[in-house]
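Undergrad:
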Amino acid sequence: MNKLAILITLGLVSGVGYAGGEQVNCRTQTVGKQAIYEGWAACEVGAYTLSRYIPATPVRWHTIYEQRGSSSFSCDATVPFSHYENVTKRVCDRKPYAKISVNNNVDLVNILFKSHDPDGRVVSHRVWVNDSELTGFNMDADRAYYVGTINQTINIRVRAIDNDGYYDEVTQTYKISCLNQPHRCGVGL
């Protein structure tokens, strides 16, 4: 029986145009403070003083308009400071995004794995073939190895884990074959 080497390549890709993983742990977060202005604002136009009560606003300056007889007057007035308010926004963590694709080269099957974390970085990968995790001598920093046989069907599962502890897992079933060059696998000799 001929043995074939299965090469599982784990390529960490940064800056890839992935849409990103799903949102998790969504929450409202305070991101700063906003000054709020409110009260009587007044300004002078010639011999006239214009004033108006300005309700709460984040804008410090307000233009006051006033009609006196047939004349219109306007001036910019400073609105008194009232208080600070918290500025909040909705934030979510994002799961990493993982993808595998198969690239065949005669008897060598490359399973290319790409991962990306939209809000951090991918810190580790785990790989299983037929529910057996590849570790130790089967794993390098960026690839895993598996030896199979011709016509064997294997189930590959790859998990990308990000710096927040979230993960994405992809699976693929693949049948090992010699493709278009069976003589390279010892078949038909």
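If you use mature numbering (1 follows the signal peptide of the UniProt record, and there is no 0), the sequence shown corresponds to residues -19 to -1, 1 to 170, in order. Even glycine gets a Cβ: it sits at the ideal position worked out from N, Cα and C.
Drop a sphere of 10 angstroms on the beta-carbon of F94, count the other beta-carbons inside from all chains shown, and report buried for 16 or more, exposed for fewer.
TA: Buried: at least 16 other Cβ atoms inside 10 Å.
Undergrad: Buried or exposed: G129, going by 16 or more other Cβ atoms within 10 Å of its Cβ?
TA: By the neighbour-count rule (16 or more Cβ atoms within 10 Å), G129 is buried.
Undergrad: Exposed or buried, what is E150 when buried is set at 16 or more other beta-carbons lying within 10 Å of its beta-carbon?
TA: exposed
Undergrad: If I follow the unbroken beta strand (DSSP E) through G13, where does it start and stop?
TA: Q4 to V26
Undergrad: Determine the direct distance from the alpha carbon of E114 to that of Y155, and round the result to whole angstroms.
TA: Annotation: Y155 to E114 spans about 17 Å, alpha carbon to alpha carbon.
Undergrad: What residue does the beta strand (DSSP E) around P99 start on, and which one ends it?
TA: Going by DSSP, P99 is part of no beta strand (DSSP E) at all; its letter is neither H nor E.
Undergrad: Starting from the Cα of D143, find the closest Cα among Y127, P99, T152 and Q133 and give me that residue.
TA: Comparing alpha-carbon positions, the option among Y127, P99, T152 and Q133 lying closest to D143 turns out to be P99.
Undergrad: Does the stretch 5 to 17 come within contact of the stretch 43 to 50, defined as at least 3 CB pairs closer than 8 Å?
TA: no
Undergrad: Within 10 angstroms of its Cβ, does S96 collect 16 or more other Cβ (buried), or is it exposed?
TA: That one is buried.
Undergrad: If you count every other CB in all the chains shown that lies within 10 Å of the CB of Y34, and 16 or more means buried, which is it?
TA: Flag for Y34 reads exposed.
Undergrad: Between the alpha carbons of A141 and T116, how many angstroms are there, rounded?
TA: The straight-line gap from Cα to Cα measures roughly 15 Å.
Undergrad: Could you pull out every residue in the same chain whose Cβ sits closer than 7 Å to the Cβ of V104, ignoring the five residues on either side in sequence?
TA: I142, D143 and N144
Undergrad: In whole angstroms, what separates the C-alpha of F62 from that of T69?
TA: 20 Å
Undergrad: Does the beta-carbon distance from V5 to K80 come in below 9 Å?
TA: Taking 9 Å as the cut-off, the Cβ atoms of V5 and K80 do not count as close.
Undergrad: What is the rounded straight-line gap between the Cα of A23 and the Cα of Y29?
TA: 10 Å
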